[in-house]
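The sequence shown: position 199 = 209 (this note's numbering), numbered continuously. From the three backbone atoms N, C-alpha and C, an ideal C-beta is built for every residue, glycine too. Just so we're clear, the structure is a prediction, and the values are computed from it rather than from any experiment.
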Amino acid sequence: MATTLNLASFPSPPQGVWHLGPIPIRAYALCIIVGIIVAIVWGEKRFQARGGQKGFITDLAVWAVPFGLVGGRLYHLATDWRTYFGPGGNPIGALEVWNGGLGIWGAIALGGVGALIGARRRGIPLPAVADAIAPGIVLAQAIGRLGNYFNQELYGRVTDVPWALEIFNRVDPATGVADPINGVAQGPATELVHPTFLYELLWNIGVALLVVWADKRFKLGHGRAFALYVAAYTAGRFWIELMRDDTATLVFGVRVNVWVAALVFIGAVVYMIVARKRGPREDLVAIREAREEGLTGAAASAVDSDAAEADAVEGSEDAEPSEKAVDEGPASTDEAEADKAADEKTRVEEAAERKS
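Structural data, given as structure tokens:
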């Protein structure tokens with residue numbers, strides 16, 4: 011029966027971690043890194059094509075990427091806290107990001123905070139930046155889903171479709187102890203499941219193409235391209251999440267990510283409608299020139315201010331001798347008159363002596 015099933019399916023990778031001497035090479039981490047690089051490179055090209063400055067997206071990534079990684083991990087821990095802090099949990103595992111577990115919702119939210127900080131430091135509106143990087147972000151998510159494939163995680167319910175995914179038991183070859191993340195596959199497939207990682211990967215590629223097309227066709231601006239990405243992604247995540255069968259936090263009997271996808275979808279659609287009233291796409295060239303002129307004007311004002319202060323100081327120094335002369339003028343006159351009176355008195359006394 012297993013052989014028959016295998017003819018209508020494809021296998022998971024036998025392992026997701028390889029060792030280069032003592033150094034572990036993790037497929038999940040590599041996929042995340044490649045995804046980030048692709049997002050930055052593509053985002054740079056799109057931002058420059060819209061009139062933005064070269065290198066800006068790379069500089070922005072210094073803020074956005076660390077914030078995003080922390081946000082993604084925090085969201086994962088918040089929605090799957092029992093794995094780490096529940097009965098029999100492993101609290102230290104909360105720090106082991108390399109073993110998987112990054113929630114896209116938290117990554118986008120906190121990554122957006124980092125991007126906002128970086129954009130404000132350069133005087134660029136965040137919505138304009140978000141529109142430029144939107145396709146790159148969703149393509150990075152697609153690449154990241156390959157990491158889930160190598161980790162043999164986030165798959166769906168049991169199925170008999172021809173493209174079913176084969177799941178294997180992975181164990182530590184040295185000890186024989188089960189190790190789903192770091193172990194190596196042993197024995198035949200234990201079950202066939204929906205490859206939900208593949209569904210989302212393909213959906214994300216479609217979303218990236220949709221955003222690129224719509225952006226060119228409608229000249230989207232003020233964050234509408236980013237909102238389109240969010241709406242399209244969450245629409246797919248909604249039905250894909252319903253196919254998953256792994257342990258997850260439930261809200262009213264429904265996986266928490268289903269609720270989040272629905273709410274974020276509504277928010278993105280509302281934003282797209284409201285943002286239409288903000289007019290045409292931002293002119294990044296004009297924004298940059300205005301900022302440069304503002305900085306130049308501020309610098310010139312500072313120079314003029316310094317010059318005025320220097321002139322004032324120099325003028326006050328030049329004025330000191332005159333003021334001193336004015337102050338000393340009356341005193342000098344009085345002294346001269348006193349001397350004259352003394353001389354007159356002396357002459358009178360001398361005349362009186364001669365008469366006597």
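Scanning its chain for C-beta atoms nearer than 6 Å, with the 5 sequence neighbours on each side dropped, one finds around Gly146 the residues Ala49, Trp52 and Gly53, in chain order.
By the CB criterion at 8 Å, Val168 and Glu201 fall inside the cutoff. Gln196 is bridged by DSSP to Asn179. Assigned with DSSP and collapsed to three states, Glu303 falls in helix. Asn100 counts as exposed, since fewer than 16 other C-beta atoms from the protein chains shown sit within 10 angstroms of its C-beta. DSSP links Ser22 through a beta bridge to no other residue.
For Ala242, the CB contacts under 7 Å within the same chain, skipping 5 residues up- and downstream, are Val217 and Leu220 in chain order. When Asp256, Glu251 and Arg36 are compared, the shortest CA-CA separation from Asn267 is found for Glu251.
Within the region 60-87, not a single complete beta strand (DSSP E) segment reaches 3 residues in length. Residue pairing by DSSP puts Arg36 in a beta bridge opposite Val27.
Phe95 counts as exposed, since fewer than 16 other beta carbons sit within 10 angstroms of its beta carbon. Cβ-Cβ distances below 6 Å link Ala144 to Val221, Ala235, Phe236 and Tyr239 in the same chain, with the five nearest sequence neighbours on each side left out; the list follows chain order.
One Cα belongs to Ala285, the other to Leu120, and the distance between them is close to 22 Å. Around the C-beta of Trp249, fewer than 16 other C-beta atoms lie within 10 Å, and the residue is accordingly described as exposed. Between Ala129 and Leu136, the C-beta gap is smaller than 8 Å, which places the two residues in contact. If you check the CB distance, Val264 and Thr244 do not come in under 8 Å.
Residues Ala271 of the same chain have their beta carbon placed closer than 6 Å to that of Arg247, with the five preceding and five following residues left out of the count. Every alpha helix (DSSP H) stretch that sits fully inside the region 240-310 and reaches 4 residues is listed by chain position as 266-285. Measuring C-alpha to C-alpha distances from Ala104 to each of Ile118, Thr89 and Ile114 identifies Thr89 as the nearest.
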